[in-house]
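Q: Take a look at the following structure, please.
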Amino acid sequence: MHILLLPFFIIFVQILTITTKTCKASTLPKFPAILIFGDSSVDTGNYNYINTIFQSNHYPYGINFPGQVPTGRFSDGKLPSDLLANMLGIKESVPRFLNPNLSNYELRTSVCFASAGSGFDDLTTAASGVIPISTQIKLFKNYIVRLKGVVGEEKAFKIIHGSIVSISAGTNDFGFVETNRGCCGTGFVETASLCNINTPPCGNLSHFLFWDSAHPSQAGYQHVAKYLKKTVLPLLLKHHGL
1 MHILLLPFFI
11 IFVQILTITT
21 KTCKASTLPK
31 FPAILIFGDS
41 SVDTGNYNYI
51 NTIFQSNHYP
61 YGINFPGQVP
71 TGRFSDGKLP
81 SDLLANMLGI
91 KESVPRFLNP
101 NLSNYELRTS
111 VCFASAGSGF
121 DDLTTAASGV
131 IPISTQIKLF
141 KNYIVRLKGV
151 VGEEKAFKII
161 HGSIVSISAG
171 TNDFGFVETN
181 RGCCGTGFVE
191 TASLCNINTP
201 PCGNLSHFLF
211 WDSAHPSQAG
221 YQHVAKYLKK
231 TVLPLLLKHH
241 GL
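Numbering-wise (the UniProt record's numbering), the sequence shown opens with residue 1 and increments by one.
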């Protein structure tokens, strides 16, 4: 298992060469799935299924997401996990694991266990009702059981050990005109319920590193995804002969 310190993520990658008799290797993604753990920087909407004060399922969140609707992501659009999954040819976006309607296909090809407001210390999340990392790991164990039930133990092993696993780790201020405040409202205090229909977003979103006062914009996340694709993934693929 390889640990890489990156601008937005700690990426844990374990690669297993996957072969098949029915499909040419060139038609398969290099990585079968992305598994996401962490906080609001990568939560694709798990908090919609728990009782928590952290909310972003309202306007203007999601104004750059396909369909221009809020999805539970703390961003104007997609998150870096979504963008990376798309760049790798895995899927358009990463679904939340707690969605009761999660399909078997979605289960096989990337899921998100992250929870907005989460942390490594259970005590810091007790009052807010979010899912700490320790519980996200328990969800991952449940995911393994479900995945085995769908594809069998051998294939589940290949999917899990060939996946990219990421944990949210921080922020980065690279290549933007405005890096000191967010685009929503004043950009200094508006986040979650404070970023709403009464706090309209700025007109030049692509110039802003941050969407609200705490979370990067889709444009910011795109830089992260491009960084991963250009500088990190080629090294991993070369190291493993893929």
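Ideal Cβ placement from N, Cα and C applies to all residues, glycine included. Here the structure is a predicted model, which means the values were calculated and not measured.
Is the region 59 to 69 close to the region 104 to 118, with three or more CB pairs under 8 Å?
A: The region 59 to 69 is not in contact with the region 104 to 118.
Q: Can you round the beta-carbon distance between Q222 and S75 to whole angstroms, since I take them to be within the 8 Å contact cut?
A: Not a contact, Cβ separation roughly 11 Å.
Q: At which residues does the beta strand (DSSP E) containing I34 begin and terminate?
A: Taken as a continuous stretch (DSSP letters only), the beta strand (DSSP E) holding I34 covers I34 to F37.
Q: Suppose you measure from the CA of G133 to the CA of F37; what does that come to, to the nearest Å?
A: For the record, residue 133 in the displayed sequence is Ile; it is not Gly. The alpha-carbon atoms of I133 and F37 are separated by roughly 7 Å.
Q: Looking at C-alpha atoms only, which residue of F65, N64, P80 and I159 is the closest neighbour of A225?
A: Comparing Cα-Cα distances from A225 to each of F65, N64, P80 and I159, the minimum goes to P80.
Q: In whole angstroms, give me the CA-to-CA distance for G117 and P216.
A: Spanning the two alpha carbons is a distance of roughly 15 Å.
Q: Which residue from F157, L84 and V42 puts its Cα closest to that of K229?
A: The residue with the shortest Cα to Cα distance from K229 is L84.
Q: Could you tell me which uninterrupted beta strand (DSSP E) segments, each at least 3 residues in length, are contained entirely in the region 175 to 233, listed from first to last along the chain?
A: Counting whole runs of 3 or more residues, the region 175 to 233 contains the beta strand (DSSP E) stretches 178 to 182 and 208 to 210.
Q: Tell me whether S115 sits in a helix, a strand or coil according to DSSP, three-state version.
A: Here S115 sits in coil by DSSP.
Q: From which residue to which residue does the alpha helix (DSSP H) around N142 run?
A: N142 -> alpha helix (DSSP H) spans I133 to V151.
Q: Alpha carbon to alpha carbon, how far is Y61 from L235? Give it in angstroms, no decimals.
A: Approximately 35 Å, taken between the alpha carbons.
Q: Indicate the three-state DSSP secondary structure (helix, strand or coil) for R108 in the structure shown.
A: It is helical.
Q: Are F208 and G185 closer than 9 Å when you measure CB to CB?
A: Against a cut-off of 9 Å, the Cβ pair of G185 and F208 comes out as no contact.
Q: Could you check what DSSP says for I160 in three-state terms: helix, strand or coil?
A: In this structure, I160 counts as helix in the three-state DSSP scheme.
Q: How should Y105 be labelled, buried or exposed, when 16 other C-beta atoms within 10 angstroms of its C-beta is the threshold for buried?
A: With fewer than 16 Cβ atoms within 10 Å of its Cβ, Y105 is classed as exposed.
Q: Hey, how far is the Cα of I160 from the Cα of N198?
A: Spanning the two alpha carbons is a distance of roughly 43 Å.
Q: Grab the span of the alpha helix (DSSP H) containing D76 for me, first residue to last.
A: Taken as a continuous stretch (DSSP letters only), D76 belongs to no alpha helix (DSSP H), as it is neither H nor E.
Q: Thinking C-beta only, is R108 closer than 9 Å to V151?
A: Result yes, Cβ atoms of V151 and R108 sit closer than 9 Å.
Q: By Cβ distance, which residues of its chain are closer than 7 Å to N48, with the 5 residues on each side in sequence left out?
A: Here the set comprises N57 and G72.
Q: I believe I90 touches A156 by the beta-carbon criterion, under 8 Å. Please report the beta-carbon distance rounded to the nearest angstrom.
A: Contact flag wrong, Cβ pair sits at about 17 Å.
Q: Between I131 and N51, how many whole angstroms is the CB-CB distance? I'm expecting something under 8 Å.
A: Contact doesn't hold; Cβ gap of about 11 Å is too wide.
Q: Taking DSSP as the reference, what is the three-state secondary structure of K238?
A: Helix.
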